[in-house]
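Worksheet for the structure shown next.
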Amino acid sequence: MSNNIFCIGEALIDMMCIDNKGLKNGRMFEKKAGGAPANVAVCISKLEGNAYFLGQVGKDCFGDYLIELFNYLGINTEMAVQEGKTTLSLVGIDEQGERSFEFLRGSDKDYSFSNIDVFKINPYDIIHFGSATGLIDGDLKDTYFKLLDYADRNNIFVSFDPNYRDNLITDDKLDAFVDDCKKFISKSTFVKLSDEELFLITKEKELGKAVDIIHSIGAQVVAVTLGSDGTYISINGEHCIIPSIKIKQVDSTGAGDAFVGAVLMQLSCINNKKGLDVKQWKSIISYANKVGALTCTNYGAISSMPSKSDIENLE
């Protein structure tokens, strides 16, 4: 039986440009549910894990849509809040399937720690911190740190993904963002980064040396996603690149979140999460690579995430 995974941060509406002309020149947009922690929760649920979404959406038609969708997908929303306006993200897709973003931020920043019933978080559960907006400002940032402190004091498994967005983290906020990331890394068992985030946080351009710095800050297991090249995994002084599968990429939105969701879903079935060896981690990452890759084969993160049967059929 799997334990619970609590995903905190924003749920939002992605307005996806689907004519592959980017935000400036695109004319065709489609509404999709999104937000990094929400994406992770959806992936967990689609893979038949137990996910909670902790965050705030608007008391509007978009918020209604998100909560109804999450409930339909089996995500527990009892600690979610509806108030204010829902955050919107405009997502441009270019000819190569790569993304650009513009955010119209709503009330996700107002999510308070008082909305979290910490007594429902058990010792074998997982708390995942991964949000494009969680380390910017507002009550949400304060809630992040309070929940991190709770997890640390109670020895709960912590997963962290910086979800860096350059149009949200402006130059004047970058140093504070990096410092905050290091605080989370220092108390995290599992840290997932893109190579861009890795080099940004460590200020080191060589992959292995940069990962060593992340370990020195405190992370036990480090996974660096490398797109089509797979994932660099490092634990207990051992490291390697786990290859991904070949796909025709349509839209990479949510691929990293799907990867994280797949990792956490597998970990949720294991009580001794902090005692896994390299062989076990290689198996976990290989599975997660497949989930992340399949998410790139259609538009929109949530609608493109595979089910457990999809992965089994692939294998």
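The sequence shown lines up with residues -17 to 297 when you count with the working numbering. We put the beta carbon where it would ideally sit given N, CA and C, even for glycine.
Whether A201 touches V173 by CB criterion (8 Å) | yes
Should the segment 121 to 131 be regarded as contacting the segment 0 to 17, the criterion being three or more beta carbon pairs within less than 8 Å?
-> no
Paired residues, beta bridge with Y106 - DSSP = Looking at the DSSP assignment, Y106 forms no beta bridge with any residue, so it has no partner.
Go ahead and label K191 buried or exposed: buried means 16 or more other beta carbons lie within 10 angstroms of its beta carbon, across all protein chains shown.
-> exposed
Determine, using beta carbons only, whether P288 and K28 come nearer to each other than 8 Å.
-> yes
Going by beta carbon distance, what residues of the same chain come within less than 7 Å of V204, once the five residues before and after it are set aside?
-> V173, V193, I196, H197, S216
Under a three-way DSSP split, which group does R135 fall into?
-> helix
Less than 8 Å separating the beta-carbons of L129 and F95?
-> yes
From what residue to what residue does the beta strand (DSSP E) around K320 run?
-> No information on residue 320 is available, as it lies outside the stretch -17 to 297 that the chain covers here.
Decide if the segment 54 to 63 is in contact with the segment 142 to 151; the criterion is three or more beta carbon pairs, one per stretch, under 8 Å apart.
-> no
Going along the chain, which residues of its own chain have a beta-carbon closer than 6 Å to the beta-carbon of F159, five neighbours each way excluded?
-> L117, I151
Can you grab the Cα-Cα spacing for the pair N145 / A18, in whole Å?
-> 7 Å
C-beta contact flag for T68 and L(-6) at 8 Å = yes
Can you pull the DSSP bridge partners for D143?
-> G112
Out of D119, K41, S268, F111, point me to the one whose CA is closest to T171's CA.
-> F111
Indicate whether at least one CB of chain D lies closer than 8 Å to the CB of I108.
-> In summary, chain D is missing from the structure at hand, where a single protein chain is found.
Pick out whichever of W263, F139, G257, E80 has its Cα sitting closest to the Cα of M(-2).
-> E80
Can you give the beta carbon distance from I26 to I(-13), rounded, assuming they're within the 8 Å contact cut?
-> 5 Å
Give a yes or no on whether the C-beta atoms belonging to K272 and L296 are separated by under 8 Å.
-> yes
Anyone know if the C-beta pair for N21 and A270 falls short of 8 Å?
-> no
In the structure shown, what three-state DSSP assignment does Q78 receive?
-> coil
Take G4 and list the residues in its own chain whose beta-carbon comes closer than 8 Å to its own, dropping the five residues that flank it on each side.
-> G74, I75, D76, S82
Outcome for I227 when other beta-carbon atoms lying within 10 angstroms are tallied against a minimum of 16 | exposed
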